[in-house]
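S.K.: Here the sequence shown is numbered in my numbering, starting from 2 and rising by one per residue.
Here a beta-carbon is modelled for each residue, glycine too, at the ideal position from N, C-alpha and C.
Remember, it's a predicted structure, so these values are computed and weren't measured experimentally.
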Amino acid sequence: MCIIAAAHYYNPDKAQFQDFEPFWEFVSGPLLPAPSGPNELDNTFGPEVRFIKAPGLDKQNLPPSAGMQFFGHVKIEGATGQTTVTLRDRADVTLWSTTLDPKVG
2 MCIIAAAHYY NPDKAQFQDF EPFWEFVSGP LLPAPSGPNE LDNTFGPEVR
52 FIKAPGLDKQ NLPPSAGMQF FGHVKIEGAT GQTTVTLRDR ADVTLWSTTL
102 DPKVG
């Protein structure tokens, strides 16, 4: 199991397969012991790593006290439809955040 906090943007301009709309993937490892990862990304959909926090390959299976547990928070603004995604650590400290505008039309 890979326990990380990460944000990936998938870009058809950088992908092997290009017939898709760009999209985001947000990863926030569960609150479990034994963090590990990250794994290598496949280039089929042209992933761009915009943020990552993970233990190094030499620091696998760390205890929860090492602080490598993460969660995500999503807020959708009702009036505008803007979505703010925030990745946080187990102490509720913001590690990374982005606001996405809704697709119109």
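1. In the DSSP assignment, what are the bridge partners of GLU49?
2. Measuring only the C-alpha atoms, how far is PHE24 from PHE46?
3. Could you tell me if PRO65 is buried or exposed, where buried requires 16 or more neighbouring beta carbons within 10 angstroms of its beta carbon?
4. Compute the Euclidean distance between the alpha carbons of TYR109 and PRO48, then round it to the nearest angstrom.
5. Is DSSP giving LYS60 helix, strand or coil here?
6. Excluding sequence positions up to five away, which residues of its chain have a Cβ less than 7 Å from the Cβ of ASP102?
7. Just reading off the beta strand (DSSP E) that PHE27 is part of, what are its end residues?
M.R.: If we stick to the structure as given:
1. TYR10
2. 9 Å
3. exposed
4. In the structure as shown, the chain begins at 2 and stops at 106. Residue 109 is therefore absent and cannot be evaluated.
5. coil
6. GLN83
7. 24–29
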